[in-house]
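Have a look at the structure below, then the notes.
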Amino acid sequence: MAADNTSSMTEFILTGLTNQPGLQLPLFFLFLGFYVVTMVGNLGLITLIGLNSNLHIPMYIFLFNLSFIDFSCSSAIIPKMLMSFVSKKNIISYSGCMTQFFFFAFFANSECFILSAMAYDRYVAICKPLLYTVTMSPQVCVFLLLCVYGMGFLSAIAHTGNILFLTFCGENVLNHYMCEFLPLLEHSCNSSFMTTLVLCTLAAIAIGVPIVTIFLSYGFILVSIFHISSTEGRSKAFSTCSSHIMAVCLFFGSAAFVYLKPPTILPLEWDKVCTVFYTIVVPMLNPLIYSLRNKDVKLAMKKTLGRITFS
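Each step along the sequence shown adds one to the number in my numbering, with nothing skipped, and position 17 is 365.
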């Protein structure tokens with residue numbers, strides 16, 4: 349709905365994940381289940397780390413923040429998505445669309461950098477164990493977390509600012525379940541090569557810099573592990589990294605597929621599927637990955653449940 353030929357939209361209609369009526373109700377309950385598991389898993393992990401003083405070390409402080417970011421990112425997306433399954437017209441205002449996009453960009457970019465901070469923490473723990481407490485001091489942890497959220501905020505401001513300069517015309521129907529850059533770009537009257545270049549540059553920084561940091565960290569970790577003489581020592585070193593490696597592969601694999609490929613290679617429907625994976629499925633899986641594969645978390649869970657039962 350445009351006021352004149354060149355004015356921006358006042359509202360958008362989100363098509364949702366599918367336009368097939370028979371799938372709407374099953375998908376509603378499926379994604380409602382995803383959201384419940386995400387909330388219980390991430391809030392449970394946050395509570396567990398907060399209540400157990402033995403988990404107040406850098407590795408779990410970063411995990412605490414990863415759970416907070418995952419929960420917040422899902423909360424910015426899924427409630428509106430659920431409405432698309434039960435509403436005849438899923439309308440979102442222009443300001444609401446920009447707000448949703450800002451928080452999505454903030455938390456998605458923050459997740460990129462928190463995963464790289466976690467990789468650096470594992471590098472210090474395995475390659476410099478005697479200097480770990482000094483290198484990963486509380487001051488360093490606070491500094492890294494400020495960098496994580498600072499880079500997330502700057503990336504979100506840059507992405508949102510890029511959208512605010514666009515003018516929208518024609519139909520106000522967005523072929524997506526949320527306000528995301530690529531479908532918004534399709535409806536822009538004044539998008540240009542520079543707009544796409546800015547998008548690709550920001551995506552390359554947000555995905556590329558953490559990936560380089562992670563690869564370098566694990567390169568040094570592998571070299572260090574190969575110098576460990578005992579098989580048990582190598583196995584223990586690998587096990588401390590396995591959960592993080594799984595989380596990195598799931599998140600960056602799907603995100604890179606959406607943002608680091610030319611927009612014309614595959615239709616937007618495929619982008620929607622990949623976006624579902626890294627914005628909804630991965631935040632749900634992360635607490636399961638870290639709790640089921642981590643002895644400290646499982647032990648803390650038993651102690652906490654034991655306290656509750658005893659009380």
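Cβ atoms here follow ideal geometry from the backbone N, Cα and C, with glycine treated the same way.
Candidates the options: closest to residue i by CA position
i	options	result
F568	L393, F461 and A585	A585
E459	I426, M649 and C421	C421
D469	A456, N457 and C489	C489
C495	V388, L479, F454 and K476	F454
I505	L478, Q448 and L647	Q448
T508	V645, R582, S590 and C527	C527
S572	V606, V560 and P477	P477
V596	G556, Y497 and I576	G556
K643	I576, S590, S602 and G601	S590
H575	L399, F419, T561 and C475	C475
F450	N400, N510 and V645	N510
Q487	V645, I405 and F513	I405
V645	M594, G518, R582 and L393	L393
Y497	N367, M542 and A554	A554
L365	K650, V624, M649 and G654	V624
Distance CB(residue i)-CB(residue j) smaller than 8 Å
i	j	result
S499	H592	The displayed chain sequence assigns Met, not Ser, to residue 499. No, the Cβ-Cβ distance between M499 and H592 is not below 8 Å.
T652	H524	no
P631	T395	no
I397	L403	yes
F382	A424	no
L493	F433	no
L463	F377	no
Y638	L411	yes
Y471	T358	no
N634	L414	yes
F461	P558	yes
T579	A473	no
L636	G389	yes
I417	I628	no
Element boundaries [alpha helix (DSSP H), containing residue i]
i	result
F672	Here the chain covers residues 349 to 659 and nothing more, so residue 672 does not appear.
I409	P406 to V434
P374	P369 to L399
I573	V557 to F574
N510	P486 to L512
Y480	Y480 to T483
P531	F529 to E534
For residue i, the first and last residue of its enclosing beta strand (DSSP E)
i	result
I440	I439 to S441
Presumed contact (8 Å Cβ cut-off) between residue i and residue j, rounded CB distance
i	j	result
L522	H535	7 Å
F379	M429	6 Å
F360	C445	5 Å
N457	S503	4 Å
Residue i: CB within 7 Å of a non-hydrogen atom of the ligand SAH
i	result
F574	This structure lacks the ligand SAH; in fact it carries no ligand of any kind.
Do the region 475-485 and the region 436-450 meet, that is, are 3 or more Cβ pairs less than 8 Å apart? no
On the three-pair Cβ rule with 8 Å, is the region 558-578 touching the region 541-549? no
For the structure I just gave you, are there three or more beta carbon pairs, one from the region 619-635 and one from the region 519-535, closer than 8 Å? yes
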